[in-house]
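J.:
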Ligand code: UDP
Ligand code: MN
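Numbering (full-length UniProt numbering), first residue to last: 41 to 303.
Structure (structure tokens):
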């Protein structure tokens, strides 16, 4: 018996989107009992993503919701956001994927309520990370919340939970080590059934950057409850890789005339 893995992936339109989604979808084609929930950050579903999903032969659900950047943020947040954008990397300061992941969780609850078999595990997957097939084997062992190391993240080669006698005793994290759970989104999975028991569990735009993981984990676990996987958190099976923003000629003419890579 293999529990279903619900992989939740927000995605947005950009030059490397099709390349990133191609790589990820072709990894996922090797994973059994996998259901990919892809949520576009857009007002309409795009043909690019629709076609890519259709051609993948994966089991998937295609959703969309546009991030409303100003809705929940004050003018100051926006200024900080713009200011930091120019100096550092945007996403560390402006949470992305919040509305998209929450929409996916709403979909999941509705789906599981009607499902005969509610067993499964939820994994939040960025579209540009690198996933070893081994990470999927690990997350199927999750009882409530499982954790494991993530490579190349938070200024470290590896950010990871520290394990003593089979339990998480602390974390090896350099970036904001005071986070309640200093764990990257790629470093944990949650039993899907728990989302039915805690329907209020969701991400929030109101927390500071880097606290999204803690925001969702707090509904399900304390440090003592975390289940260390990947050989007591000694193995790296996922990397927070980031695709470099490409520079191309005539970026403004990207969309017109159509290019062969449009859909
Ligand atoms: N994302 C999104 N809308 C945005 C920016 C990002 O939906 O405006 C998605 C993105 O496709 C990815 C996830 O949110 O799946 C995390 O974003 P990103 O990979 O840029 O974050 P980082 O790697 O910088 O932490
Ligand atoms: Mn990323």
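No residue lacks a Cβ here, since even glycine has one placed at the ideal position from N, Cα and C.
Taking 7 Å as the cut-off, does the CB of residue 141 come closer than this to any heavy atom belonging to ligand 2?
T.: Residue 141: no, Cβ never under 7 Å from ligand 2.
J.: State the Cα-Cα distance for the pair residue 185 and residue 197, rounded to the nearest angstrom.
T.: Approximately 24 Å, taken between the alpha carbons.
J.: Check for me: the beta strand (DSSP E) holding residue 179 runs from which residue to which?
T.: Counting along the chain, residue 179 falls outside any beta strand (DSSP E), though it belongs to the alpha helix (DSSP H) covering 173-179.
J.: Check this for me: beta carbons of residue 228 and residue 45, under 8 Å apart or not?
T.: Cβ atoms of residue 228 and residue 45: not closer than 8 Å.
J.: Please classify residue 288 as buried or exposed, where buried requires at least 16 neighbouring CB atoms within 10 angstroms.
T.: Counting Cβ neighbours within 10 Å, residue 288 comes out exposed, since fewer than 16 surround it.
J.: What do you get for residue 129, buried or exposed, if any count of 16 or more other CB atoms within 10 angstroms of its CB means buried?
T.: Bear in mind that a pLDDT of 44 at residue 129, under 50, signals an unreliable position, so the number given afterwards is only what the model happens to contain. Exposed, by the Cβ-count rule.
J.: Residue 172 and residue 221 look like a contact to me (Cβ under 8 Å); what is the Cβ gap, rounded to whole Å?
T.: Incorrect: roughly 22 Å between the Cβ atoms, too far for contact.
J.: Note down, one range per segment and in chain order, each beta strand (DSSP E) of at least 3 residues found wholly within the segment 146-227.
T.: The qualifying runs are 160-164, 185-187, 190-193, 196-204 and 207-212.
J.: Is the CB-CB distance between residue 159 and residue 233 below 8 Å?
T.: Yes, the Cβ-Cβ distance between residue 159 and residue 233 is below 8 Å.
J.: Measuring alpha carbon to alpha carbon, tell me which of 91, 238, 80 and 75 ends up nearest residue 302.
T.: Taking only the C-alpha atoms, the option nearest residue 302 is 91.
J.: Taking the C-alpha atoms as reference points, what is the distance between residue 109 and residue 205?
T.: Taking the straight line from one Cα to the other gives about 44 Å.
J.: Report the rounded CA-to-CA distance for residue 248 versus residue 152, giving the unit in angstroms.
T.: Cα to Cα, the separation comes out at about 31 Å.
J.: Would residue 66 be called buried (16 or more neighbouring beta carbons within 10 Å of its own) or exposed?
T.: Exposed.
J.: State the DSSP-derived secondary structure class of residue 55, mapped to helix, strand or coil.
T.: Note: residue 55 maps to coil in three-state DSSP.
J.: If you draw a straight line from the alpha carbon of residue 141 to that of residue 79, how long is it in whole angstroms?
T.: Their Cα atoms are separated by approximately 7 Å.
J.: Answer yes or no: do residue 251 and residue 219 have a C-beta to C-beta separation smaller than 8 Å?
T.: Their beta carbons are under 8 Å apart, which means residue 251 touches residue 219 by this criterion.
J.: Quick check: what's the CA-CA separation for residue 43 versus residue 174?
T.: Cα to Cα, the separation comes out at about 15 Å.
J.: State the start and end residues of the unbroken alpha helix (DSSP H) segment that holds residue 256.
T.: Residue 256 -> alpha helix (DSSP H) spans 252-257.
J.: Using DSSP with H/G/I as helix, E/B as strand and the rest coil, what is residue 115?
T.: Reliability fails at residue 115, whose pLDDT of 48 lies under 50, so the model's placement of it is uncertain and no value is given.
J.: If you draw a straight line from the C-alpha of residue 112 to the C-alpha of residue 154, how long is it?
T.: Only weak support is given to the placement of residue 112: the predicted model assigns it a pLDDT of 44, under 50, and the value that follows is read from those uncertain coordinates. Computed Cα separation, rounded: 32 Å.
J.: Give the DSSP-derived three-state secondary structure of residue 74 in the structure shown.
T.: Looking at residue 74 - three-state DSSP - the assignment turns out to be strand.
J.: Name the two residues that bound the continuous beta strand (DSSP E) containing residue 246.
T.: Where residue 246 is concerned, there is no enclosing beta strand (DSSP E), given that its DSSP letter is neither H nor E.
J.: Does any residue of chain B bring its CB to less than 8 Å from the CB of residue 263?
T.: No chain B appears in this structure, which consists of one protein chain only.
J.: Using 8 Å for Cβ pairs, my map puts residue 76 next to residue 191. What's the rounded Cβ distance?
T.: That belief does not hold up - the Cβ atoms of residue 76 and residue 191 are roughly 22 Å apart, past 8 Å.
J.: Please identify the residue among 48, 271, 49 and 55 whose C-alpha is closest to the C-alpha of residue 290.
T.: Here the closest residue by C-alpha is 55.
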